[in-house]
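Sequences listed follow chains A and B, in order. The numbering used here numbers the first residue of the first sequence as 1 and each following residue consecutively. The numbering used here numbers the first residue of the second sequence as 118 and each following residue consecutively. Even glycine gets a Cβ: it sits at the ideal position worked out from N, Cα and C. Remember, it's a predicted structure, so these values are computed and weren't measured experimentally. Below is one structure; the comments refer to it alone.
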Amino acid sequence: DSGVTQTPKHLITATGQRVTLRCSPRSGDLSVYWYQQSLDQGLQFLIQYYNGEERAKGNILERFSAQQFPDLHSELNLSSLELGDSALYFCASSVGTSGRGDQETQYFGPGTRLLVL
Amino acid sequence: DAKTTQPPSMDCAEGRAANLPCNHSTISGNEYVYWYRQIHSQGPQYIIHGLKNNETNEMASLIITEDRKSSTLILPHATLRDTAVYYCIGGYGGSQGNLIFGKGTKLSVKP
């Protein structure tokens with residue numbers, strides 16, 4: 001158990017819909033990262049937040065957005081869903097003492113499996 | 118793009134040592150080498166990391182060559198539960214902090 005929790009574990013929805021994925025980092029961790037894992041793309045970094053502020057962006061679509069709240073939990077919002085958005089979505093957290101995340105071990109949650117029909 | 122190269126698959130007999138190689142000839146001097154594994158579709162699990170020196174923890178040992186161009190992850194006594202995809206990751210993509218995953222090595226531990 002990494003200490004990172006994600007809800008829900010599974011999500012089935014239809015194209016065009018909007019969903020919210022939730023992540024609670026390990027106690028004391030300030031940085032949260034979101035990754036997407038699809039069959040054809042492997043694990044791809046989406047976005048990082050540090051202490052409530054966006055720190056880095058990866059291959060995140062404009063239809064996707066995220067935020068980190070004052071209690072440090074984070075939400076990933078996926079809208080106008082398409083079939084290709086079906087994937088595993090992982091959240092990770094790290095201590096974030098530097099704010100940059102350099103050479104900081106990231107601990108991953110169990111993921112949310114999203115299926116868009 | 119990932120900065121590391123790994124064999125796509127390896128087999129290991131249960132109880133024997135599993136030695137997983139990784140080439141990371143392009144990582145910079147201050148970038149660490151991290152190893153994670155992913156069992157089936159679970160979240161990636163941190164194993165070990167190192168910069169220059171060899172490292173050991175309760176899960177594995179990491180041997181880094183002196184020129185830092187390659188490393189080997191050693192699972193001393195592989196069990197069936199060690200069957201997973203193992204990812205070697207060089208650095209953290211600079212100041213961004215994100216991990217750049219390659220395709221990893223699928224390790225199959227056989228009885």
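H194/B is the residue among H166/B, H194/B and R185/B whose C-alpha sits nearest the C-alpha of E131/B. The criterion of a C-beta distance shorter than 8 Å is satisfied by W34/A and L76/A. Following the DSSP letters along the chain, one finds G111/A in no beta strand (DSSP E), marked with neither H nor E. Around the C-beta of E104/A, 16 or more other C-beta atoms lie within 10 Å, and the residue is accordingly described as buried.
G160/B places its beta carbon 8 Å or farther from that of P25/A.
Taking 8 Å as the cut-off, the beta carbon of D199/B is found closer than this to the beta carbon of A135/B. Shortest Cα-Cα distance from I180/B to any of T122/B, A201/B and V150/B involves V150/B.
According to DSSP, L179/B shares a beta bridge with E172/B and L190/B. In the three-state reduction of the DSSP assignment, R198/B falls in the helix class. At least 8 Å separates the CB of L21/A from every CB of chain B.
Taking all protein chains in view, the Cβ of I156/B is surrounded by fewer than 16 other Cβ atoms within 10 Å, so the residue is classified as exposed.
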